[in-house]
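Engineer:
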Amino acid sequence: MSQIKSLDDLRKIKEAVQKKIQLREKSIDPEKVIQIKVGMATSGIASGAREVMAFLIEELEKRNIEAVVTQVGDMGYCYAEPTIEVTLPGKEPVVFGNVTTKKADEIIEKYIKNGELIDGILPANYHTI
Amino acid sequence: METIKLTIDKKNIEVEKGTTVLKAAQKAGIDIPSLCYFSLDGMKIENKPGGCRVCVVEVEGRRNLAPACATEVSEGMVIKTNSMRVLNARRTVLELILSDHPFDCLVCAKSGNCELQSLAHRMGVREIPYQGAQSTYRKDTSPSIIRDIDKCIMCRRCEMMCNDVQTVGALSAVNRGFMAVVAPAFEMNLEKSPCTYCGQCVAVCPTGALTEVDHSREVIKALADPTKTVIVQTAPAVRAALGEEFGLKAGTLVTGKMVSALRELGFDYVFDTDFAADLTIMEEGTELLERLTRYLNGDKQVRLPILTSCCPAWVNFFEHNFPELKDVPSTARSPQQMFGSIAKTYFAKKLNIDRKDLVVVSIMPCLAKKYECQRDEFKVDGNPDVDFSLSTRELANLIKLANIDFHALPESEFDLPLGESTGAGVIFGTTGGVIEAAVRTAYELYTQKPLPKITFEELRGLDGIRSATVDFDGLKLNIGIAHGLGNARKLLEEVRDGKSHFHAIEIMACPGGCIGGGGQPLHHGDVDILRARQKAIYLEDANKTIRKSHENPYIIKLYEEFLGQPLSEKAHHLLHTHYFDKSTQIIVE
Amino acid sequence: MTQIKMHLLVCGGTGCRSSHSEGVSQALNESLTNHGLDAEAKVVTTGCFGFCEKGPIVKVIPDNTFYVQVTPDDAEEIVKEHVLKGRKVQRLLYLDPEREKTVSDDRHMTFYKKQIRIALRNCGFIDPENIDEYIARDGYMALAKCLSEYTPQQVIDIIKKSGLRGRGGGGFPTGLKWEITARVQADQKYVICNADEGDPGAFMDRSILEGDPHSVIEAMAINGYCTGASRGLVYIRAEYPLAIKRLQIAIEQARTYGLLGENIFGTGFHFDIQLRYGAGAFVCGEETALIHSMEGKRGEPTFKPPFPSEHGYMGKPSNVNNVETYANIPVIILKGPAWFASIGTEKSKGTKVFALAGKVNNVGLIEVPMGITLREVIFEIGGGIKAGKEFKAVQTGGPSGGCLTARHLDTPIDYDNLLAAGSMMGSGGMIVMDQDDCMVSIAKFYLEFTVEESCGKCSPCRIGNKRLHEILEKICKGEGTMEDLEKLKNLSQVIKDTSLCGLGQTSPNPVLSTLENFWDEYVEHVVDKKCRAGVCKSLMKYTIDAEACVGCTACARACPVNAISGERKQPHTINPSICIKCGACMEKCKFNAVLLQ
Amino acid sequence: MAIIKLPECKVNQLKEICKSFNHDSGELINVLHKAQEVFGYLPAEVQEIVAKELNVSVAHVYGVVSFYSFFTMTPKGRFPISICMGTACYVRGAEKVLDEFRRELGVKVGESTPDGRYSLACLRCVGACGLAPVVMVGEKVYGRVAPEDVKGILAEYSNL
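Chains as they are written, first to last, in the numbering used here: chain A, 40 to 168; chain B, 68 to 656; chain C, 87 to 683; chain D, 23 to 182.
1. What residues from chain B crowd round I39(D), counting only those whose CB sits closer than 8 Å?
2. Taking only beta-carbon positions, decide if M23(D) is within less than 9 Å of chain B.
3. Are the C-beta atoms of V160(B) and some chain C residue less than 9 Å apart?
4. If you count every other CB in all the chains shown that lies within 10 Å of the CB of L156(A), and 16 or more means buried, which is it?
5. By DSSP's criteria, P550(B) is part of a beta bridge. Which residues make up the other side?
6. In whole angstroms, what is the alpha-carbon distance linking G154(A) and T151(C)?
7. Going by the beta-carbon positions, is the gap between L675(C) and C641(C) smaller than 9 Å?
8. Leaving out the 5 sequence neighbours to the left and right, which residues in its chain are closer than 7 Å to A529(C) when beta-carbon positions are compared?
9. Which residues share a DSSP beta bridge with M92(C)?
10. Can you pull the chain B residues whose beta carbon is under 9 Å from the beta carbon of K27(D), in chain order?
11. DSSP puts L542(B) in a beta bridge; with which residues?
12. Tell me the DSSP secondary structure of E113(B) in three-state form.
13. When we look at the beta-carbon of K263(C) and count the other beta-carbons within 10 Å, is it buried (16 or more) or exposed?
14. Extract the residue ranges of the alpha helix (DSSP H) inside the region 228-282 of chain C, only unbroken runs of 4 or more that lie entirely within it.
15. Mind checking the region 46-64 of chain A against chain C and listing, in chain order, the residues whose C-beta falls within less than 7 Å of any C-beta there?
16. With distances taken between CB atoms, is the gap from T196(C) to I467(C) smaller than 9 Å?
17. If I measure Cβ to Cβ from L99(A) and keep anything under 6 Å in the same chain, skipping five residues before and after, which residues do I get?
18. Does the beta-carbon of I168(A) have 16 or more other beta-carbons within 10 angstroms, so that it is buried, or is it exposed?
19. Which residue marks the beginning of the alpha helix (DSSP H) containing L120(D), and which one marks its end?
20. Specify the secondary structure class of C370(C) as computed by DSSP and reduced to three states.
21. Name the residues in the region 43-73 of chain D whose C-beta lies less than 9 Å from a C-beta of chain B; which are they?
22. Counting beta carbon pairs with one atom in the region 618-632 of chain B and one in the region 300-318 of chain B, are three or more of them shorter than 8 Å?
23. Quick one: is R384(C) near chain B, going by C-beta distance under 9 Å?
24. Between which two residues does the beta strand (DSSP E) containing Q652(B) stretch?
25. Mind the definition here: the region 546-554 of chain C touches the region 208-217 of chain C only if three or more C-beta pairs lie below 8 Å; say whether that holds.
26. Under the rule that 16 or more other beta-carbon atoms within 10 Å means buried, what is H397(C), buried or exposed?
27. Is any beta-carbon of chain C found at less than 9 Å from that of K44(A)?
28. Kindly identify the DSSP beta-bridge partner or partners of T151(C).
29. Among all the DSSP beta bridges, which residues are the ones paired with T431(B)?
30. What do you reckon, are the CB atoms on T100(C) and L376(C) nearer than 9 Å?
31. Judging by CA-CA distance, which residue of G553(B), H568(B), C172(B) is the nearest neighbour of T263(B)?
32. Using DSSP bridges, identify the partner residues of T489(C).
33. What runs of the alpha helix (DSSP H), each 4 residues or longer, lie entirely inside the region 182-219 of chain B?
34. Return the CA-CA distance between H639(B) and P116(B), expressed in angstroms with no decimal places.
35. Between T374(C) and chain B, is the shortest Cβ-Cβ distance under 9 Å, so that the two count as touching?
36. Assuming G515(C) is part of the beta strand (DSSP E), what are its boundary residues?
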């Protein structure tokens, strides 16, 4: 560890370490940021949900978008795995089916960034715990 | 001087900033009762733990009551010392203290002289409503002091004396809460502690928790035994204080009445420790000159400064705390022991009786003397040179016991030969006196010239540590004086560290010297009493025709007939001693 | 690189560790490794979550899943189901007792709903042994701001404006205290943190030190800057080994970063902190006693004035605040005094941490805004009284506080209201009692504590409290008289009025408040010789229900003192003058015929 | 004159502790903590040496030792049992648990069993109020202890 010699040093360290707990910071009030839930039941995992989740976490951070990505169990859309649910602050949740990394990229760019609705939206008829 | 205006019981008064409410009230003529508070003004001795809560008063604007002893006055303060709230609280607190105190006033050694008892009397306590368990402890008897700490009220005066003033560290508050009490480490006996028996704890104890070991019964027994010749010696400070026990003003000299009283009590000979004090000067003065001469002749082995050794508590102190310096003090025994030694040899021979049939009693202002006379090195075949040592207080009790009207007694003279003394012997009773007496003699012996002026004002006073330089006809003699063992410790540390510039140091364990001894009438914190006693001692000196020890004709005769020279082999054998290492030893197994 | 997508926060507070939370962390870590998930999810040991009732607690982030009473054996399931598959482990979720539904997201738990966490902001959120996590939460930013942007007086003014009052008991305005210490001229001054939390049943300060030690260190440094002190001392109970360890680690890390030591932030300000250990004396919570203890002496208080601000440790001016007070400071600096003052009541600003314990469903550590009512605390946050029993009293302020009753339930909690109600804020103990608690015995219990903890220096506390306790014992034994009740009153008043320090000045509070609020119960003990709660054994009587007794003689044979007589197959009777109330008969009786009344 | 006998290594250890605190009498309590860690308790000999090393009177050291409940002059049992008597534990029945331990072990609070196996003590709040009443045996914490559990707890240690 290096010594902190000034306020700037402290700020730099803060920025560097903030990521470590960002996950927790965002969870304090998840409604204020974008919430993304990834269906992660066995079928989801088999159809690549884990890769999609990793992609989302990485890309959102790269693109400086504050979001909480959580995993949930079976969403009840076996026909459209992997599924993800995106909730923009103050809006109703929207569920996307058959999400690949490519599709995920599109969701980020269009729906999350600009609120544009895109293909693949599923009717909201499920309950998560 | 910044002053503060305040109101106490509707009286407007103005006092110096920093004054306590207790003292401010005193100034206004209001005597707030107090218990744990104790001070010897001007001697830097003060005990104000604010613990007993007897002196509480009501301060306007304050939520709870304030202890008058610890609360400093502030501008515009309005104080009530006698509101119902105060009176009820004070009484309840006192009742609580009494509820944890044995009810054996009738047979208590302190009865009649107990501050707790007088307080209960003053407040008219007639019952103890809050009765319950009492804290009880083991009773402890040492050669000098009895601790009956069931009677301890946690005023902490003894602890303050033992630690802050005397730096002896034998006592400390121990335990917590209801079982808190002042005791030696591990609540062991005082005898196993570094206690010096200076008796200052006894001198300040407001109750019967700390008292002296009473030897008057043994003395009465000896007086009643027709086979025994009983002789008595009286220490110089006793005559300056004994009168107080009979209602006389402090500082009244009662030498002649005291002698008469002792005769009435049946002592066969009434002698004076002052005689032995003169003898001490002969030995100690000569020792000083001897060491000094060796030193001036370039002897590197010689230990200077020389330290006086007539105070037994002081001897105990360095044996416990500075054993590495045990060859520094003079080897001369104390006057009490010199007297005993000469009485049981020289005088017994004169009477032609066996030492076992001669009982030597000493009247001392001191409690350490009780221990001193029991030391093994002052016994011959188990028979002590001094059989019993009584305190000034015990003597007063004996006189009262014997129905002697002290005031009506005539003035009488001491018996001879061991009753003749000089002014030098008398001043042993106060701080600075021993060294002044020694200087009077040493000067004339060293310079072979008569003293131009007999008194040395520069050596007198009540400051804890004093120093002066005396001109011995060109030889500048640096003299140090300390009274109170805490002050002594400071000088001792200088000696130990090789930083002392003194040639001779006088040390007395008690504040004020023997006039403030642990066996004296209780002064209850009145420093004027000590001053008056000191004045009386110097007056007695001034009244004497002979004021230098080496001019005492009976001392001269004693050397001619019996001892030969000071520091002779016989003198060494009878009048000198050696010291022991009493410090805690760690033995590694 | 795989991103960490999940944090598993495991409570590492003393409470949860007592129920083996360390084993849980270990098991979680092992399981994550076994499943190859250690790069995706991370186990973090945090400070106390406060919900000690149901420890050990594991909280899963980011979905705020709150698992309770987790054992090491549960780790595998959590990892396999929740971490891997996103399925919450139902059986470990908290069950809301009122709605009888599991609550998965702790934000919806009534226990947390009314809480505002300022002093506890980082407890249960960050890893207290990692300074980076503290810095990530704006840690040391307040110190940096003070040193670089404010004068000491400006900082003091901020604290004054915030209205923060000492959280240790007395409620003295913190800013004013700082100002007094700052004004005294001296060559050396000290910043002292009182972490000698001795109230039985209170663990606020410990939880802060265990969960967020840096907040205290930072605040002490800020105080050093304000008062001109370069040395800080934390007086901490030796009975808090974990808090000591975490504090030591935190001090080391702060030193390594140069946040303690010479020339902090390059501003020429020096400050460092040392620890001093308490050794089990409640009275050392009093600041003068604490200072004596730090000096290696008996922890006896001395009369004030002089106050430590003028004449403290080693005779030097010393600012003494407790842990919780310090923990509030950095936030106040960063968020501003107005924000802080917007929380709470007119004279008591901000929040207060309480250790809620006793007969409530949710025992734990809570932080609530000043002005919340006792009802909200006990019945909402605390989840009501255990086993559906009836609320009887709540004792606030530790042994020096008083017992409040149902009629105080809607009193907003702040310094002044509690005092007016005959209790006090104290350091924040809050013990709830139900119908099974005898209020005379409760008063006796507290007095027993005071008697044991009195230092013995002043007579009213040393002897007076002992007498109070004796009288209460007498009453509990059924030997009390009405005169004794008068004695209790007078004695209590005098002890309050004359004792040397805060301990004695408040020790009769449990007696006075129970006398005031439960007078009938005292009278019952004294006059009717009855204890309605059934606690005072001496007032209880064993009898035999003649209808239920079949005369089997089992009880008579079991009685060690032959107090039971009766013919075989006839109802037996107990001679109450012989009975020693050992209960052997009741244990032996198979027909529930022995009654205790 | 007090004579103290202690094994050399212990004396040296004590001296080392005092030295590590610069023989500062203000550190007396920290020194005593360390000494108790080493010896398990603070017998008179240990206090004498500490007094000597820190240059304070042994009465003062004892005054401090006897003031703080954390310090003890009697050795603890091999399995020290502490019952929490904090308020939370008290209202949830700690006293009955204590009574049971007293009965089972036949010792009073503050005493050790004659074989030195167990010692019984009360303490004030371990901070596990959620688990009240709490009992500690050594470092191990037992929560929600009922009088009936006492036998079982003791049984865990009877063969160790």
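Here a beta-carbon is modelled for each residue, glycine too, at the ideal position from N, C-alpha and C.
Structural biologist: Once the coordinates are examined:
1. Taking the fourth sequence and counting its residues from 1, one reaches residue 39(D) at position 17. Neighbours of I39(D) on chain B: none; closest Cβ ~15 Å, over 8 Å.
2. Taking the fourth sequence and counting its residues from 1, one reaches residue 23(D) at position 1. The predicted position of M23(D) is uncertain, since its pLDDT is 47 and thus under 50; no value can be drawn from it.
3. Taking the first residue of the second sequence as 1, we reach residue 160(B) at position 93. Yes - at least one Cβ of chain C is within 9 Å of the one on V160(B).
4. Taking the first sequence and counting its residues from 1, one reaches residue 156(A) at position 117. Counting Cβ neighbours within 10 Å, L156(A) comes out exposed, since fewer than 16 surround it.
5. Position 483 of the second sequence, counted from the start, is the residue given in the question as residue 550(B). Checking the sequence, you will find His at residue 550(B) rather than Pro. Answer by DSSP bridge pairing, in chain order: M575(B).
6. What you label residue 154(A) is simply residue 115 of the first sequence in a count that begins at 1. What you label residue 151(C) is simply residue 65 of the third sequence in a count that begins at 1. Straight-line Cα distance between these residues: approximately 29 Å.
7. Taking the third sequence and counting its residues from 1, the one referred to as residue 675(C) is at position 589. Taking the third sequence and counting its residues from 1, the one referred to as residue 641(C) is at position 555. It should be noted that the sequence gives Cys, not Leu, for residue 675(C). Closer than 9 Å, so yes.
8. By 1-based counting over the third sequence, the position of residue 529(C) is 443. L558, P596, V597, T600, listed in sequence order.
9. Along the third sequence, read from residue 1 onward, the residue named residue 92(C) stands at position 6. Paired residue(s): A127(C).
10. Walking along the fourth sequence from the start, residue 27(D) turns up at place 5. Ordered by position in chain B, the residues that pass the 9 Å Cβ test against K27(D) are I653, I654, V655, E656.
11. Locating residue 542(B) in the second sequence gives position 475, where the first residue counts as 1. Answer by DSSP bridge pairing, in chain order: F539(B).
12. Taking the second sequence and counting its residues from 1, one reaches residue 113(B) at position 46. In the structure shown, E113(B) sits in a strand (DSSP, three-state: E or B).
13. Taking the third sequence and counting its residues from 1, the one referred to as residue 263(C) is at position 177. Flag for K263(C) reads buried.
14. 238-248, 260-269
15. L46, L49, I52, K53, V56, Q57, K59, I60, L62, R63
16. Against the third sequence, residue 196(C) aligns to sequence position 110. Against the third sequence, residue 467(C) aligns to sequence position 381. Yes, the pair counts as a contact, with Cβ atoms nearer than the cut-off.
17. As a working note, residue 99(A) is residue 60 in the first sequence. If we look at L99(A) and ignore the five residues flanking it on each side, its Cβ neighbours are A106.
18. As a working note, residue 168(A) is residue 129 in the first sequence. Confidence in I168(A) is poor, its pLDDT being 37 and thus under 50, which makes the residue's placement too unreliable to answer from.
19. In the fourth sequence, the residue the question calls residue 120(D) occupies position 98. Counting along the chain, the alpha helix (DSSP H) containing L120(D) begins and ends at 116-127.
20. For this step, residue 370(C) is matched to residue 284 along the third sequence. C370(C): helix per DSSP, three-state reduction.
21. A66, E67, Q69, E70, I71, A73
22. no
23. Numbered from 1 along the third sequence, position 298 holds the residue referred to as residue 384(C). R384(C) counts as touching chain B.
24. Residue 652(B) sits at position 585 when you count from the first residue of the second sequence. Note, Q652(B): beta strand (DSSP E), 652-655.
25. no
26. In the third sequence, counting from the first residue as 1, residue 397(C) sits at position 311. Buried, because 16 or more other Cβ atoms sit within 10 Å of the Cβ of H397(C).
27. Counting from one through the first sequence, the residue named residue 44(A) turns up at place 5. By this cut-off, K44(A) is an interface position.
28. Walking along the third sequence from the start, residue 151(C) turns up at place 65. In DSSP, T151(C) forms a bridge with V146(C), D191(C).
29. Here residue 431(B) refers to the residue found at position 364 when the second sequence is read from its first residue. Per the sequence shown, the amino acid found at residue 431(B) is Met instead of Thr. Beta-bridge pairing links M431(B) to S458(B).
30. The residue given as residue 100(C) occupies position 14 in the third sequence. The residue given as residue 376(C) occupies position 290 in the third sequence. In this structure, L376(C) does not lie closer than 9 Å to T100(C) by Cβ.
31. Numbered from its first residue, the second sequence carries residue 263(B) at position 196. Among G553(B), H568(B), C172(B), the Cα nearest to that of T263(B) is on G553(B).
32. For the purposes of this step, residue 489(C) is taken as residue 403 along the third sequence, with counting starting at 1. It should be noted that the sequence gives Cys, not Thr, for residue 489(C). Partner(s): Q481(C).
33. 182-189
34. Walking along the second sequence from the start, residue 639(B) turns up at place 572. Walking along the second sequence from the start, residue 116(B) turns up at place 49. Rounded to the nearest angstrom, the two C-alpha atoms are 49 Å apart.
35. In the third sequence, residue 374(C) corresponds to position 288, counting from 1. By this cut-off, T374(C) is not an interface position.
36. Within the third sequence, residue 515(C) is the residue found at index 429, counting from 1. Run containing G515(C): 515-520, per the beta strand (DSSP E) assignment.
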